[in-house]
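The sequence shown begins at 0 in numbering that gives the first Met the number 0 and counts up one residue at a time. Note that beta-carbon positions come from the ideal geometry of N, C-alpha and C, so glycine has one too.
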Amino acid sequence: MNLVKEERHNLILETLMRHDSVQVSDLATLLEVSTVTIRKDLTELERASRLYRSHGKAILINPYINNRTINEKEKLARGEKDAIGQYAASLIDMDDSIIIASGTTVLALARAIRPNHRLTVISASLQVSDALAVNEDIEVVQLGGTVRTSSLSVVGRIAESPLSEFSCSKLFMGVDGIDLEFGITTTDIQEASLNRVMMRTAQKTIVLADSSKFRRRGFAKIANLTDVDMIITDNNIPDYIARQIEESGVELKIVPVKD
Numbered sequence: 000m001n002l003v004k005e006e007r008h009n010l011i012l013e014t015l016m017r018h019d020s021v022q023v024s025d026l027a028t029l030l031e032v033s034t035v036t037i038r039k040d041l042t043e044l045e046r047a048s049r050l051y052r053s054h055g056k057a058i059l060i061n062p063y064i065n066n067r068t069i070n071e072k073e074k075l076a077r078g079e080k081d082a083i084g085q086y087a088a089s090l091i092d093m094d095d096s097i098i099i100a101s102g103t104t105v106l107a108l109a110r111a112i113r114p115n116h117r118l119t120v121i122s123a124s125l126q127v128s129d130a131l132a133v134n135e136d137i138e139v140v141q142l143g144g145t146v147r148t149s150s151l152s153v154v155g156r157i158a159e160s161p162l163s164e165f166s167c168s169k170l171f172m173g174v175d176g177i178d179l180e181f182g183i184t185t186t187d188i189q190e191a192s193l194n195r196v197m198m199r200t201a202q203k204t205i206v207l208a209d210s211s212k213f214r215r216r217g218f219a220k221i222a223n224l225t226d227v228d229m230i231i232t233d234n235n236i237p238d239y240i241a242r243q244i245e246e247s248g249v250e251l252k253i254v255p256v257k258d
């Protein structure tokens, strides 16, 4: 093939755009060069923050999530989060008792809730409780515990303990990452623990996640993908990921987002 380095780099990135991750040996075969040459190319592309290397593979983006403040997160994918929140709000039934965890996507849900009936909400998020408390038809049960300054939500045993006394129909949960093999994750160990307790308290777990959360991993695992009943995301989710989620038996709802 006799490609110059710049051409190889472009072809590597184009291949990753189509396949998400590719083995070093497969790239060497595709570009008709040695694996040594491919590793040098990948090293340069990784230093330029164009891809991530892991266990003999090249991955288009670094799959590991950094912890950000809720104010930073709220600026990202606003249209997607609003659309997801609107659809999630439509799933709330008359006289429901629900749990809302933490995060900017479930905050969008809270802002979209306009019940014309009685609704009970258990909340881990101070911002969610604040958004819901103005509605007289919503009874808000704010969990106690240690407040995480980055998410303005509570965590810890004090937050977990009361949940054993409740039985709720639905849990609406935001996550930091969804990896088809590793599962659903967040950046905080205590938040992951609280989310697991919430899942045991609710009859149905609904994950709210914009399409940027897929192929990502937070530090702390919450659960396997198949422990979730439904995922609500936007129409920028890659087709192959959507297909694999549906094949796993998890209900997937894709909401349209205007450009």
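Quickly, what does DSSP pair K80 with across the bridge? List them, please.
Counting from 1 along the sequence shown, the entry for residue 80 is found at position 81. According to DSSP, which records beta bridges pairwise, K80 is partnered with nothing at all.
DSSP beta-bridge partners for V120?
Residue 120 sits at position 121 when you count from the first residue of the sequence shown. Paired residue(s): I97 and V139.
Looking only at its own chain, which residues have a Cβ that is under 6 Å from the Cβ of T119, when we skip the five neighbours before and after it?
Along the sequence shown, one-based indexing puts residue 119 at 120. Excluding sequence neighbours, T119 sits near S96 and E138.
For V227, which three-state DSSP category applies?
Within the sequence shown, the letter at position 228 stands for residue 227. In this structure, V227 counts as coil in the three-state DSSP scheme.
Determine the extent of the beta strand (DSSP E) in which I205 is found, giving its start and end residues.
Here the question's residue 205 lines up with position 206 in the sequence shown. Per DSSP, I205 belongs to the beta strand (DSSP E) from A201 to L207.
For L193 and E164, which I take to be in contact (beta-carbon distance under 8 Å), what is that distance rounded to the nearest angstrom?
The residue you call residue 193 lines up with position 194 of the sequence shown. The residue you call residue 164 lines up with position 165 of the sequence shown. Between E164 and L193 the Cβ distance is about 15 Å, and since that is not below 8 Å, they are no contact.
Quick check: the region 173-185 against the region 125-134, are there 3 or more CB pairs under 8 Å?
No, they do not touch.
Within 10 angstroms of its Cβ, does L15 collect 16 or more other Cβ (buried), or is it exposed?
Reading the sequence shown from its first residue, position 16 is the one you call residue 15. With 16 or more other Cβ atoms within 10 Å, it is buried.
State yes or no: is the C-beta of V256 within less than 8 Å of the C-beta of V206?
Translated into the one-based positions of the sequence shown, residue 256 becomes position 257. Translated into the one-based positions of the sequence shown, residue 206 becomes position 207. Cβ atoms of V256 and V206: not closer than 8 Å.
Can you give me the Cβ contacts of S152 inside the same chain, cut-off strictly under 6 Å, excluding the 5 residues immediately before and after it?
Against the sequence shown, residue 152 aligns to sequence position 153. Cβ neighbours of S152 beyond the five flanking positions: S101, A123 and S124.
Classify S210 as buried or exposed, calling it buried when 16 or more other Cβ atoms lie within 10 Å of its own Cβ.
The sequence position of residue 210 within the sequence shown is 211, counting from 1. Flag for S210 reads buried.
Is A222 helix, strand or coil by DSSP?
For the purposes of this step, residue 222 is taken as residue 223 along the sequence shown, with counting starting at 1. If DSSP states are grouped into helix, strand and coil, A222 belongs with the strands.
Please work out which residues of its chain come closer than 6 Å, Cβ to Cβ, to E79, disregarding the five sequence neighbours upstream and downstream, and give them in chain order.
Here residue 79 is taken as the residue at index 80 of the sequence shown, counted from 1. The residues are D209, D233 and V256.
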